[in-house]
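Just so you know, we're using my numbering here: the sequence shown kicks off at 36 and counts up by one. Every residue, glycine too, gets a C-beta built ideally from N, C-alpha and C. Data block below; observations after.
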Amino acid sequence: MKKIFTLTLLLFSVAIQAQSKIPSDFFKNPLAVDLVLSGTFGELRSNHFHSGMDIKTQQREGLPILAAGDGFVSRINIQHYGYGKALYIQHPNGYTTVYGHLQKFSPEIEAYIKKQQYEKETYEIELFPKADELKVTVSDLVAISGNTGGSGGPHLHFEIRDGQQRPMNPNLFGIEIKDTQAPTVNSLWVYPLGESAHVNGSGERQRVKLTPLKDGSFKAEQLNACGEIAFGVNTTDKQDGAPNNNGIYKINTNLNGDQIFQLNFDRFSFSETRHLNQLIDYEYFSNNKSRITRLYVQPSNPLSVYQNVVNNGTITIQDSLTYLYNITILDFAGNERIIRVPIKGEQPINKITKNIKETDFLVKANEAFSVEENGIDVYIPKGSLYEDTFLDISFSGDTIHLDKDDIPIHSNITIGFDVSKYSEESKEKMFIAKLGYRGRPSYSSTYKKGNRFTTGIRSFGDYTLASDVKPPSITPVNFKDGQWISSNENIKVKITDDLSGIKSYRATVNGKFILMEYEYKNNTLTHNFSDAVLTETENKLKVIVIDNVGNSSTYEATFFRK
Ligand SMILES: [Zn+2]
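Following this line, the structure appears as structure tokens:
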């Protein structure tokens with residue numbers, strides 16, 4: 036007995052230690068302004084959980100970004116999309132901080148990157164400096180805030196990762212955000228799950244009416260139900276000083292006083308982030324553009340963000356019994372919003388029917404599936420779908436209708452097209468396109484091998500063969516051919532492509548590579564004269580842009596500088 040007690044105590048203290056290891060005073064504010072957030076850790080985004088905090092930068096670029104702690108620059112990644120220009124600092128305590136969507140870096144880091152960019156003749160680059168190359172001290176200026184990559188407006192994306200590169204909630208490290216407002220409840224939903232389960236006589240998902248009470252909590256209408264049911268909630272949280280609807284931190288549910296489910300955003304890993312599509316009601320999201328968080332765990336859902344889950348968080352309601360189901364939604368500051376749901380067990384009066392669309396194509400989640408017609412084939416690998424699903428698939432000419440985008444896809448589905456009926460010349464200009472709103476084609480990465488084109492897709496919809504015969508267009512933005520532009524800080528050209536999209540670009544002056552930074556959001560290429568690579572007065576600029584099927588455009592102009 037004593038041994039067991041000692042062991043328990045030991046395990047308990049190990050757990051406490053592991054918890055208390057998170058340093059609460061090591062990391063400092065990465066900006067010199069008060070932290071106001073436009074995004075929180077764990078917030079629900081498109082196909083992923085938000086992996087950091089988005090810090091507002093006063094609606095502008097150009098704020099100094101400071102190292103959150105001592106350490107060294109361990110990685111630099113510059114991409115057209117995603118994090119844009121991003122900096123990673125590794126700290127002596129084993130954590131890494133990440134700074135994304137930067138406009139530029141500190142002069143020392145900028146010089147280090149430019150050297151490599153000119154050597155490799157590329158804007159997009161990933162570098163892993165050694166520990167002694169770019170050392171930083173806490174609050175050193177490391178970069179300037181910006182809006183590069185997949186950013187919807189100027190801000191700093193700030194992350195703290197553990198030694199396994201798993202993003203953690205920065206709030207856990209003592210980075211405090213003023214927040215005096217409790218989370219907002221936008222809507223509550225109930226899901227009858229079992230075959231014969233019902234709520235108020237129906238087997239379908241239903242919205243639950245909520246009444247706000249004086250103390251800030253909500254009381255739900257009484258539900259008459261029977262069988263296995265579960266809930267979902269649409270909820271957001273605001274911090275002080277900004278109107279942004281951000282994510283919540285934690286949700287607890289309990290049934291008749293016993294906890295049956297907890298969701299919390301302390302940490303997750305990038306390998307699981309796409310399973311967000313199982314946490315939310317994907318079908319509802321796809322049709323309504325708003326996210327319901329399921330307060331239960333489906334059998335195939337491996338997410339690590341759940342704790343203390345009993346019976347997957349679902350409830351089995353029995354006839355003639357009463358239940359009180361409580362939901363508590365919390366933000367990191369501890370402000371809470373409570374919803375109380377009274378449930379009465381009642382056999383259904385009529386037989387419960389569920390609306391399940393049946394088609395000729397039942398795809399099992401645990402088995403691979405393939406179908407072919409009209410020279411178009413589809414291969415759905417095992418594990419692409421989360422659950423067994425009837426898919427609506429039809430073929431017409433060069434187009435395949437592959438259901439619609441309200442069923443989540445986890446891993447790539449392959450679509451192949453036999454293009455043997457087309458001439459070599461037309462095949463060159465062809466690509467696989469997804470048909471969007473009003474049938475507008477958008478490029479889907481197309482692999483061409485002889486008479487077979489393939490593409491990997493992660494959203495259902497209509498796919499077809501399209502053709503792009505028009506080369507990209509290139510136009511000068513801030514200069515004219517033959518002009519003197521000694522006072523310009525940079526030269527900009529606008530590059531666009533009407534259909535397949537831009538694949539690559541290259542610029543030279545007097546035959547020598549010059550670095551041009553591509554910003555897809557405003558379709559511009561920019562060369563900064565501060566790179567100091569232009570030494571002549573007369574400069575013959577040449578810009579070549581190639582689209583995704585290989586159509587190429589060349590723009591040439593001469594400008595003068597002294
Ligand atoms: Zn972000």
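Do you know how far the Cα of R329 is from the Cα of L191? 30 Å
Is DSSP giving N206 helix, strand or coil here? helix
Give the DSSP-derived three-state secondary structure of L314 in the structure shown. helix
Apply the 10 Å Cβ neighbour rule to T593 and answer buried if 16 or more other Cβ atoms are within range, or exposed otherwise. exposed
Beta carbon of I526, beta carbon of I509: below 8 Å? no
Kindly list the residues whose CB is nearer than 7 Å to the CB of L207, restricted to its own chain and excluding five residues on each side of it in sequence; keep chain order. I57 and D301
Would you say D26 touches ligand 1, meaning its beta carbon is less than 7 Å from a heavy atom? One cannot answer for residue 26 here, as it falls past the ends of the chain, which runs 36 to 597.
I need the straight-line Cα distance from G104 to I448, nearest angstrom please. 43 Å
Do Q181 and E96 have their CB atoms nearer than 8 Å? Per the sequence shown, residue 181 should be read as Gly rather than Gln. Cβ distance < 8 Å, so G181 and E96 count as in contact.
Per-residue DSSP class, three states only, for P142: helix
I believe I113 touches Y158 by the beta-carbon criterion, under 8 Å. Please report the beta-carbon distance rounded to the nearest angstrom. 7 Å
What residue range does the alpha helix (DSSP H) around E307 cover? Note, E307: premise wrong, no alpha helix (DSSP H); not H, not E.
On the DSSP letters alone, give me the boundaries of the alpha helix (DSSP H) that S461 sits inside. E459 to K464
Would you tell me roughly how many angstroms separate the C-alpha atoms of N343 and G292, rounded to the nearest one? 14 Å
Just to check, is the beta-carbon of G181 closer than 7 Å to a non-hydrogen atom of ligand 1? no
At the level of alpha carbons, what is the spacing between E591 and I579? 9 Å
Am I right that L98 and V71 are in contact with their C-beta atoms under 8 Å? What's the rounded C-beta distance? Actually they are not in contact, since the Cβ atoms of L98 and V71 sit about 12 Å apart, beyond 8 Å.
Considering Cα atoms alone, identify which of T388, T490 and T351 is closest to D412. T490
If you run the structure through DSSP and keep just helix, strand and coil, what is I148? helix
Measuring CB to CB, does S479 end up less than 8 Å from K464? no
State the Cα-Cα distance for the pair E127 and D566, rounded to the nearest angstrom. For clarity, residue 127 is Pro in the given sequence; the question names Glu instead. For P127 and D566, the distance between alpha carbons rounds to 33 Å.
Answer with buried or exposed for V220, where buried requires no fewer than 16 other C-beta atoms within 10 angstroms of its C-beta. buried
Residues bridged to E634 (per DSSP): Summary: the structure shown does not reach residue 634, with the chain confined to residues 36 through 597, and so no result is reported for it.
Using a Cβ-based criterion (distance less than 7 Å to any ligand heavy atom), does H192 qualify as near ligand 1? yes
If T572 and F595 are in contact, beta carbons under 8 Å, what's the gap, nearest whole angstrom? 6 Å
Distance between Y414 and Q54 (C-alpha atoms, nearest Å): In this predicted model, Q54 has a pLDDT of only 49, less than 50, meaning its place in the structure is not dependable; the value taken from the coordinates is given anyway. Rounded to the nearest angstrom, the two C-alpha atoms are 45 Å apart.
Secondary structure at N323, three-state DSSP: helix, strand or coil? helix
Would you check if the distance between the CB atom of A255 and the CB atom of R372 is smaller than 8 Å? no
For ligand 1, is there a heavy atom less than 7 Å away from the beta-carbon of G471? no
Could you give the residue range of the beta strand (DSSP E) that holds N269? L258 to T271
Roughly how many angstroms separate the alpha carbons of A368 and Q274, rounded to a whole number? 9 Å
Would you kindly report the start and end of the unbroken beta strand (DSSP E) that includes K538? I537 to V544
Taking DSSP's pairing of strands, which residues face T499 in a bridge? A468
Please confirm whether any heavy atom of ligand 1 lies closer than 7 Å to the CB of H85. yes
Among S59, D89 and E78, whose alpha-carbon lies nearest the alpha-carbon of F66? One point to set straight first is that residue 66 is Leu, not Phe, in the sequence displayed. When only C-alpha atoms are compared, the closest one is D89.
Would you list, in sequence order, the uninterrupted beta strand (DSSP E) runs of no fewer than 3 residues that lie entirely inside the segment 506-576? 508-511, 525-531, 537-544, 552-554 and 559-563
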